[in-house]
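Numbering (this note's numbering), first residue to last: 18 to 216. Heads up, the beta-carbon is just placed ideally off N, CA and C, and yes, glycines get one too. Report on the following structure.
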């Protein structure tokens with residue numbers, strides 16, 4: 018089994034690349050999806066978040082208001098680290114469990130672990146190869162404004178809360194350009210998938 022860490026900056030096209038790998042037959046584990054599941058109402062991580070950040074981060078249905086929580090943590094690095102300490106260990110345990118499950122079903126599987134903080138959280142040390150999806154900052158800002166309804170200032174704050182893309186590119190084994198035309202991007206992904214199958 019080969020485990021590949023997939024990362025990039027916010028709104029660089031990482032999710033599109035993950036979907037293309039899934040079409041090739043890879044097992045895709047999405048760290049963000051795992052994190053969203055961890056913070057469902059009354060789960061331990063949810064309780065811890067409410068205890069630390071207060072009920073102002075809850076929607077009327079008691080789910081976490083990601084926008085409200087994001088507004089807090091992206092303005093205060095110490096609060097962001099507090100949130101990461103609540104969520105990251107739980108996500109890591111679930112990722113390991115899903116990887117073991119995938120290995121049992123198919124010992125030769127390629128697992129794509131889609132994780133925003135791959136390098137920041139040291140997860141690159143737990144994978145065989147790393148891919149960074151990159152794009153220019155203006156594209157990121159435009160996508161965040163359209164997708165998340167953020168102002169330019171909030172979009173920039175979110176981008177700057179992560180490791181600079183230039184540094185991620187230097188650390189990566191492979192780099193994919195997130196503004197590449199879809200057909201060409203799919204071809205690059207298929208080629209990578211074939212090479213991972215032969216690792």
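Item, Value
"Own chain partners of residue 10 with C-beta closer than 7 Å, once the 5 adjacent residues on each side are dropped", "The chain is shown only over 18 to 216; residue 10 falls outside these bounds and no answer can be derived."
"Per-residue DSSP class, three states only, for residue 153", "coil"
"Exposed unless 16 or more other CB atoms sit within 10 angstroms - verdict on residue 139", "exposed"
"Where residue 157 falls, given that 16 or more other Cβ within 10 Å makes a residue buried", "buried"
"Nonlocal neighbours in the same chain, by C-beta distance under 8 Å from residue 81, ignoring five residues either side", "56, 63, 66, 74, 75"
"Beta-carbon proximity list for residue 45, same chain, < 7 Å, skipping 5 on both sides", "35, 38, 39, 129, 131"
"Cβ-Cβ separation, residue 185 to residue 24 (assumed contact under 8 Å), whole Å", "7 Å"
"Span separating the alpha-carbon of residue 150 from that of residue 60", "32 Å"
"Residue 180 versus residue 193: straight-line alpha-carbon distance, rounded", "17 Å"
"Residue 194 (DSSP reduced to helix, strand or coil)", "strand"
"8 Å CB neighbourhood of residue 191 in its chain, flanking five on each side removed", "146, 147, 148, 149, 209"
"Where residue 209 falls: helix, strand or coil (DSSP)", "helix"
"Integer Cβ distance of residue 135 from residue 22, believed to fall under 8 Å", "5 Å"
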